[in-house]
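Numbering (the working numbering), first residue to last: 81 to 383.
Following this line, the structure appears as C-alpha cells:
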C-alpha cells in the first residue's frame with residue numbers, strides 16, 4: 081500500500097491487454113490536467129515497448145501462416161510428412177479464427193492450395209481439416225468468400241458432402257458450404273446452380289445424425305432468409321420427401337424438418353392435390369410441447 085492509503089498501481093503488462101489497461105486508467109484520470117497534459121518518460125517507454133510487442137505478435141502470426149503454407153506445398157508420402165501437414169492445418173485453423181489472419185492466408189495463396197490439393201487428397205484426416213479451414217476462413221469475410229467462390233469451392237464441397245465416405249469430411253464440408261451460402265447471395269446462387277438443395281436432402285437421409293441435423297438446420301435457415309426458393313423446392317418434390325423423413329424414429333432432427341416444412345406451407349395444398357393420398361396426418365411429441373400438423377388436399381392447419 082502507498083503512504084496515502086490508496087492502492088499502489090502496478091505497471092501494466094507490455095501487451096494488448098496492457099494497452100487496454102492504460103487506456104482505461106487514462107479515461108478514469110481524465111480530470112487530472114497534469115496527467116493528461118504530459119506523460120512520464122517511464123510510461124512513454126512502456127507504451128513504445130507495448131506497441132512494439134503487439135505488432136511483433138501480429139507479424140509473428142503471419143510468419144507462422146507462411147511456414148504452414150510452405151509445409152503444405154511440400155510433396156511427402158511418409159507418415160511423418162502427413163502428420164506435419166495435419167499439424168499445419170490445425171495451427172492454421174487456430175490462427176485463422178482471427179479475421180486478419182484469414183485474409184492474409186488467402187492473399188498468400190492458402191485458399192487455392194486447400195481447394196486444388198487438399199479437398200481431394202487421399203487421406204481423410206487432411207480432407208476434413210482442409211474443409212474445416214475453408215469454412216473458418218470464409219465466415220463473415222466477403223473478400224475470402226469471393227476468392228473461394230471464384231475457385232469453385234461450392235461445387236467441390238457439395239461433392240464431398242454428397243459422395244465422401246468419411247463422416248467427418250462430410251460434416252466439415254457442410255460447415256464450409258454453410259459459411260459460403262448464408263448471407264452470401266453469390267454463394268447461394270452457385271449452390272442452387274449446382275443442385276445444392278438435392279444434396280442437402282440426400283444428406284438428411286443419411287445415417288449420420290449430426291449430418292442430418294445440420295443439413296435440416298441449413299435448409300430451414302435458407303428458406304427463412306430466401307423465401308423465393310420455396311417454389312423451386314416444392315416443384316422438386318421436397319415437401320413429400322421431408323414428410324417421409326418424419327416417419328422415422330423421433331430425434332431432434334425432426335424439429336428442423338418441421339420448421340423447414342412450415343416455410344413452403346402456402347404451396348402444400350397444391351402439391352398434395354397431386355398425390356394419391358387424400359390427406360397426410362402426422363403427430364409428434366416434443367419435450368414440453370406437442371406439435372400436430374394436418375395436411376389435406378384443400379386445407380392446411382398448423383396448430
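All C-beta atoms, glycine included, are put in the ideal place defined by N, C-alpha and C.
{"Asked": "Starting from the Cα of residue 232, find the closest Cα among 252, 212 and 195 and give me that residue.", "Found": "195"}
{"Asked": "Looking at residue 237 and residue 284, is the spacing between their C-beta atoms short of 8 Å?", "Found": "no"}
{"Asked": "So what does DSSP say about residue 221, is it helix, strand or coil?", "Found": "coil"}
{"Asked": "Please identify the residue among 290, 292 and 281 whose C-alpha is closest to the C-alpha of residue 320.", "Found": "281"}
{"Asked": "Between the alpha carbons of residue 178 and residue 279, how many angstroms are there, rounded?", "Found": "31 Å"}
{"Asked": "Going by the beta-carbon positions, is the gap between residue 156 and residue 162 smaller than 8 Å?", "Found": "yes"}
{"Asked": "Straight-line CA distance for residue 349 to residue 261?", "Found": "With a pLDDT of 46 at residue 349, under the threshold of 50, the modelled position of that residue is not reliable, and the figure given next carries that caveat. Their backbone Cα atoms lie some 29 Å apart in a straight line."}
{"Asked": "Taking just the CA atoms, how far does residue 160 sit from residue 253?", "Found": "26 Å"}
{"Asked": "DSSP on residue 156, reduced to helix/strand/coil?", "Found": "coil"}
{"Asked": "Would you mind stating whether residue 172 and residue 148 have Cβ atoms separated by less than 8 Å?", "Found": "yes"}
{"Asked": "Work out the CA separation of residue 314 and residue 353 for me, nearest whole Å.", "Found": "Low local confidence applies: a pLDDT of 46 at residue 353 is under 50, so the model's placement there is unreliable, with the coordinate-based value given in what follows. Cα-Cα distance, rounded: 13 Å."}
{"Asked": "So is residue 71 buried or exposed if we call it buried at 16+ other beta carbons inside 10 Å?", "Found": "An answer regarding residue 71 cannot be provided, because it is not within the stretch 81 to 383 covered by the chain."}
{"Asked": "Which two residues bound the contiguous alpha helix (DSSP H) that contains residue 190?", "Found": "190-193"}
{"Asked": "Sorted by chain position, which residues of the same chain lie with C-beta nearer than 8 Å to residue 189's C-beta, five sequence neighbours on each side aside?", "Found": "149"}
{"Asked": "Should residue 220 go down as buried or exposed, given a rule of 16 or more other Cβ atoms within 10 Å for buried?", "Found": "exposed"}
{"Asked": "From residue 291 to residue 251, what distance separates their C-alpha atoms?", "Found": "6 Å"}
{"Asked": "Kindly indicate which three-state DSSP category residue 235 falls into: helix, strand or coil?", "Found": "helix"}
{"Asked": "According to DSSP, is residue 275 helix, strand or coil?", "Found": "coil"}
{"Asked": "Determine the burial state of residue 317: buried for a count of at least 16 other Cβ atoms within 10 Å of its Cβ, exposed for fewer.", "Found": "exposed"}
{"Asked": "So what's residue 167 in DSSP terms, helix, strand or just coil?", "Found": "helix"}
{"Asked": "Using the beta-carbon count (16 or more within 10 Å), is residue 269 buried or exposed?", "Found": "exposed"}
{"Asked": "Alpha helix (DSSP H) containing residue 250: first to last residue?", "Found": "247-261"}
{"Asked": "Give the straight-line distance between the Cα atoms of residue 297 and residue 120, rounded to the nearest whole angstrom.", "Found": "57 Å"}
{"Asked": "Nearest CA to the CA of residue 180: which residue from 218, 208, 310 and 245?", "Found": "218"}
{"Asked": "Determine, using beta carbons only, whether residue 234 and residue 208 come nearer to each other than 8 Å.", "Found": "no"}
{"Asked": "Check for me: the alpha helix (DSSP H) holding residue 386 runs from which residue to which?", "Found": "No answer is possible for residue 386: it lies beyond the span of the chain, which begins at 81 and ends at 383."}
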